[in-house]
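All remarks here apply to the structure that follows.
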Amino acid sequence: EVQLVESGGGLVQPGRSLKLSCLASGFTFSNYGMNWIRQAPGKGLEWVASISSSSSYIYYADTVKGRFTISRDNAKNTLYLQMTSLRSEDTALYYCARRLRRVSPFDYWGQGVMVTVSS
Amino acid sequence: DIVLTQSPALAVSLEQRATISCKTSQNVDNYGISYMHWYQQKPGQQPKLLIYEGSNLASGIPARFSGSGSGTDFTLTIDPVEADDIATYYCQQSKDYPMDTFGAGTKLELK
């Protein structure tokens, strides 16, 4: 069974940092591109960042470029999102999701981890 | 960025047909494939893939769900609607990879 389990969320002050993790199981992690997608409270879905299976290609939404860093450790089946200079508008439920190829859909999503940026 | 436009809500009766539309600001077809995907999200749950590449049913999804359309106009149909289908439905385009975008979602409600 495919499982994606996010962790590392919480309440953080504006300007501070936080690192999210996503532990994958039930599939060959190193074969899939991985993504972070977020959902602000009561709002829709926003793609945040993606990383290819071998970490060769990394992309960010303009809203987080320069502040967030996506990475992965295929030996540990884990995806990461390092978030710095956090803003109130980064408050959201952060999902990790996998995709097989560049234009494939996001076929499995984790349950999400909440990040709240507030003083 | 490619903008996806969905109606905010749709009211439907059980056992009737629900038709949810998604219009894109640019063509999301390429070489005969529509890079349009549909997801279902119930309250407190993560999104679930329903339809990929315009009309392909994802694994384990009931056949009462179907997708159609091409270019800039797409439709998700649920026929017949069951109580378990009450949720919010999102369309997503991947033609503009990596700048994938989602519609704002259509909340399916009971009439």
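Protein sequences, first through last, are from chains A and B.
Note that the first sequence covers residues 788 to 906 in the numbering used here.
Note that the second sequence covers residues 65 to 175 in the numbering used here.
Quick reminder that beta carbons are idealized off the backbone N, C-alpha and C, glycines included.
I'd like the span of the beta strand (DSSP E) that includes A:T856, first residue to last.
That run of the beta strand (DSSP E) goes F855 to D860.
Candidates B:S158, B:N91 and B:A168: closest to A:D894 by CA position:
B:S158
Within 10 angstroms of its Cβ, does B:V67 collect 16 or more other Cβ (buried), or is it exposed?
Exposed is the call here.
Determine which residues of the segment 154-172 of chain B have a Cβ less than 8 Å from any Cβ of chain A, and write them out in chain order.
Y154, Q156, S158, K159, Y161, P162, M163, D164, T165, F166, G167, A168 and G169
In terms of alpha-carbon separation, which member of A:S906, A:W834, A:R886 and A:L866 lies closest to A:K806?
A:L866
Give the single residue among A:S858, A:R825, A:Y847 and A:E833 whose Cα lies nearest to the Cα of A:S840.
A:S858
Are at least three pairs of beta-carbons, each pair with one atom in the segment 884-892 of chain A and one in the segment 156-175 of chain B, less than 8 Å apart?
When Cβ pairs closer than 8 Å are counted between the two stretches, the segment 884-892 of chain A is seen to touch the segment 156-175 of chain B, the count reaching three or more.
I want to see whether chain B comes within less than 7 Å of A:P892, judged by CB atoms only; does it?
yes
What is the rounded straight-line gap between the Cα of A:L791 and the Cα of B:N91?
32 Å
Let me confirm a value: A:Q826 is counted as buried when at least 16 other C-beta atoms fall within 10 Å, else exposed. Which label applies?
buried
Please name the residue in A:T878, A:S906 and A:R886 whose C-alpha comes closest to that of A:V913.
Residue numbering for chain A in the displayed model covers 788 to 906; residue 913 of chain A lies beyond these limits and cannot be assessed.
So, do the segment 840-857 of chain A and the segment 167-175 of chain B have three or more beta carbon pairs nearer to each other than 8 Å?
Too few Cβ pairs lie closer than 8 Å, so no.
Stretch pair the segment 68-88 of chain B + the segment 142-152 of chain B: three plus CB contacts closer than 8 Å:
yes
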